[in-house]
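Numbering-wise (this note's numbering), the sequence shown opens with residue 506 and increments by one.
What follows is one structure encoded as structure tokens, with my remarks underneath.
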Amino acid sequence: MRMIGGKALVQALEDAGVDVVFGYPGGVALPIFDALYDSTSVRSILPRHEQGATHMADGYARVMGRPAAVIVTSGPGATNTVTGIANAYMDSIPMVVFSAQVATPVIGTDAFQESDITGITVPITKHNYLVKDPAELPEVIAEAFHIASTGRPGPVLVDVPADVSKAEITYKWPAAVNLPGYKPTYRGHARQIKQAAQMIAKARKPLLYAGGGVLASGAWAELKELAELMQIPVAATLMGKGAFPEDHHLFLGMPGMHGPKFVNYALTETDLLIAVGVRFDDRVTGKLSSFASRAKVIHIDIDPAEIGKNKPVDVPIVGDAKLVLAAIVSELRKTASEPRTEAWMRVVDDWRARYPLHYQHSGDIVMPQFVVERVRELTKDRPTVIATEVGQNQMWSCQYTRIREPRTWVSSGGLGTMGFGLPAAIGAQVGRPEHLVVDIAGDGSIQMNSQEMATASIEKLPVKVVVLNNGFLGMVRQWQELFYEHRYASSVLAQDCPDFVKLGEAYGWHGERVTCPDDLDGALGRAFDHDGPAIVDCRVSGEENVYPMVAPGGSIDEMLGGIPGGPVSEMLDGELLTEVWE
């Protein structure tokens, strides 16, 4: 079948199973967008900024578990995607970004709106392509989607020069992708799986440490089966939130810098750390030399580069989390292994009871934690996706929400990208139109991409934004308070600039403001029941901090704030201590 390159690109999207594209047109991208205009199976959504497009694709991919597509023009259109691509790369999110490029004869001449986007994105893509031969376009696109979604997922960029998108080719979708140098390992080594099972069977104080890799591989059922079979408590990272039901007794919470004390104490005292799909990020580990220093470590990851990168490992298992966990469970069942963690769980439950998350309630001031709790309670009986911006709002959301369904938590992890939440929520709403999608935002972060409120209105996407408006860049201010003698340099925001209610109304949103705790439920309920997009501006306590907190470079068992507690050895009563440590 003969067609021009732009049409071939769109046809390839259809053949790859893509149902939505987030794209912003421009001069050299017009052959692609003209072909997209005729597509009956690919929905085209116009954001108001190319960064917004990438975050929308990111949010879509997180809730759907498959790659989304972005199409942008050359030069600034392409460079505006860099933050979103880097965000997806850090969090291992599948995405294919198509950047139009100036014609091949003028590449390298500083032509109008030219940028070397393939060179720029080498460090932040799983792979990228500059297509110079129009005939290679279908094969390149098939490879791009294959690479993005297999092994450790990630973003792939395809740069398409204008003459390539205008050239006529014979279109043929490849029957199979053949990449001899790309062979991800899916099945873990049998000997290491057996060794891991033996260690789990003998452990008295095991802990499962689950990350985004569990969600990427769809391994939540296997994780739950292992935890329940051997009665092992589970800590989930920010990226792993939703990998284990958070209303389950075995679930502890998020470890690390802002993890509850009892989670960090469990990590400090465990004798066997079973790390699944994690990368031992510094925000979790704190001081590496003291992180899980009493534990043997089993590390399961599909990316061999992650194993041993930050933390020495006793049993490394390279493979897909779903397959490896299933194999470990099978081995444990084969040997009729029994849990040995009753005393350990009593210790953990004792910590959990003594050192819960807490904050000071107020009768007349809206506390940010209270807002998150009310969002949680008002949405618990309906299918809901929670998205967040970045900063204090993100940490409070992680601490006080209870995610029970996989792929219903959307938050920027490794890159910590302010402005992520709103466009990501829009992408999530596209993917899951039957879900209520709520973006819990800060007044600083939401303004990074607030123009995407127009996208939600025009596309009739009923996303909800709950702003924790404290008049600060909250996390920056917190660090300035604790480590810079309250010198609030460039971190103070005016709570009434902008007026978020009026801003919402300008974009066609329903808007409300809350200044009193008694008014919160009514405002949230009306927003959540509204059939279009809605924003609730919650004027919260200005100088509230996220606690507990591990100081930068500190050990995770040494936390600021929260309910006071001394060293682990001082917190356990003698009977429990003796029973579990003997």
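Where a beta carbon is used, it is the ideal one built from N, C-alpha and C, also for glycine.
All figures in this text were calculated on a predicted structure; none of them were measured in a lab.
Would you kindly report the start and end of the unbroken beta strand (DSSP E) that includes LEU777? 777–781
Between the Cα of ASN815 and those of LEU743, ARG784 and VAL577, spot the shortest distance and give me the residue it belongs to. ARG784
Here's a check: name, in chain order, each residue in its chain whose Cβ is nearer than 8 Å to the Cβ of ASP1026, leaving out the five neighbours to either side. ARG879 and LEU883
With DSSP as the reference, please indicate the residues paired to PRO660 in a beta bridge. MET600
Under the three-state DSSP convention, the category VAL528 falls into: It should be noted that the sequence gives Gly, not Val, for residue 528. Looking at GLY528 - three-state DSSP - the assignment turns out to be strand.
Short of 8 Å in beta carbon distance, which residues of its chain neighbour VAL645, apart from the five on each side in sequence? Order them along the chain. TYR634, VAL636 and VAL663
Grab the span of the beta strand (DSSP E) containing VAL1045 for me, first residue to last. Where VAL1045 is concerned, there is no enclosing beta strand (DSSP E), given that its DSSP letter is neither H nor E.
For ALA721 and THR1020, the rounded distance between their alpha carbons: 40 Å
Between the C-alpha atoms of PRO689 and GLN1000, what's the straight-line distance to the nearest angstrom? 50 Å
Taking ALA1056 as the reference, which of GLY1030, GLU1049 and TRP984 has the closest Cα? TRP984
Residues bridged to PRO911 (per DSSP): For PRO911, which the question treats as bridged, DSSP gives no partner whatsoever.
How many Å lie between ASP886 and ARG907 at the Cα? 12 Å
Cut-off 7 Å between Cβ atoms - residues of its own chain near ALA583, not counting five sequence neighbours on either side: VAL577, SER604, SER620 and ILE622
Residues bridged to MET508 by DSSP? ILE674
Determine, using beta carbons only, whether ILE822 and ILE891 come nearer to each other than 8 Å. no
So, at 6 Å on beta carbons, what are the nonlocal neighbours of GLY1047 in its own chain, with the 5 sequence-adjacent residues on each side left out? ASN975 and GLY976
Does the beta-carbon of CYS1043 have 16 or more other beta-carbons within 10 angstroms, so that it is buried, or is it exposed? buried
Per DSSP, what kind of secondary structure is VAL523 in: helix, strand or coil? coil
Between the Cα of THR922 and those of GLY1059, HIS560 and GLY570, spot the shortest distance and give me the residue it belongs to. HIS560
Just to confirm the assignment, what range does the alpha helix (DSSP H) spanning PRO1069 have? No alpha helix (DSSP H) holds PRO1069; DSSP gives it neither H nor E.
Kindly confirm or deny that the stretch 675–683 and the stretch 739–751 touch, where touching means at least three C-beta pairs closer than 8 Å. no
Where are the beta strand (DSSP E) runs, 3 residues long or more, that stay fully inside the stretch 721–751, in chain order? 739–741
Report the rounded CA-to-CA distance for TRP1014 versus ASN769, giving the unit in angstroms. 41 Å
Proximity test, HIS651 beta-carbon vs the ligand ZN heavy atom, cut-off 7 Å: In the structure shown, the ligand ZN is absent, as is every other ligand, since no ligand is present at all.
Inter-residue spacing [alpha-carbon to alpha-carbon] between PRO581 and LYS839: 58 Å
GLY1079, buried or exposed, once every other Cβ within 10 Å from all chains shown has been counted against 16: Residue placement at GLY1079 is flagged as unreliable, the pLDDT there being 46, under the threshold of 50; a coordinate-derived value is accordingly withheld.
Checking 8 Å against the spacing of the C-beta atoms, do ASN592 and LEU828 come in under that value? no
Could you check if ARG1031 is buried or exposed, using at least 16 other CB atoms within 10 Å of its CB as the buried criterion? exposed
If I measure Cβ to Cβ from GLY918 and keep anything under 6 Å in the same chain, skipping five residues before and after, which residues do I get? ASP596, LEU743 and MET744
Whose C-beta lies closer than 6 Å to the C-beta of ALA1028 among residues of the same chain, with five residues either side of it excluded? GLU1017, VAL1019 and VAL1041
C-alpha distance - ASP1004 paired with LEU978, whole-angstrom precision: 17 Å
Write down the C-beta distance between ALA780 and ILE807 rounded to the nearest angstrom, noting that I regard them as a contact closer than 8 Å. Rounded, the Cβ-Cβ distance is 13 Å, inconsistent with contact.
Here's the rule I'm using: 16 or more other beta-carbon atoms within 10 Å means buried, otherwise exposed. How should ALA695 be labelled? exposed
Nearest to VAL602 (by Cα), restricted to the options ARG881, GLY693, GLY824 and GLU555: GLU555
Pull up the distance between the alpha-carbon of HIS763 and that of LYS512, whole angstroms please. 49 Å
For SER962 and PRO1038, which I take to be in contact (beta-carbon distance under 8 Å), what is that distance rounded to the nearest angstrom? 6 Å
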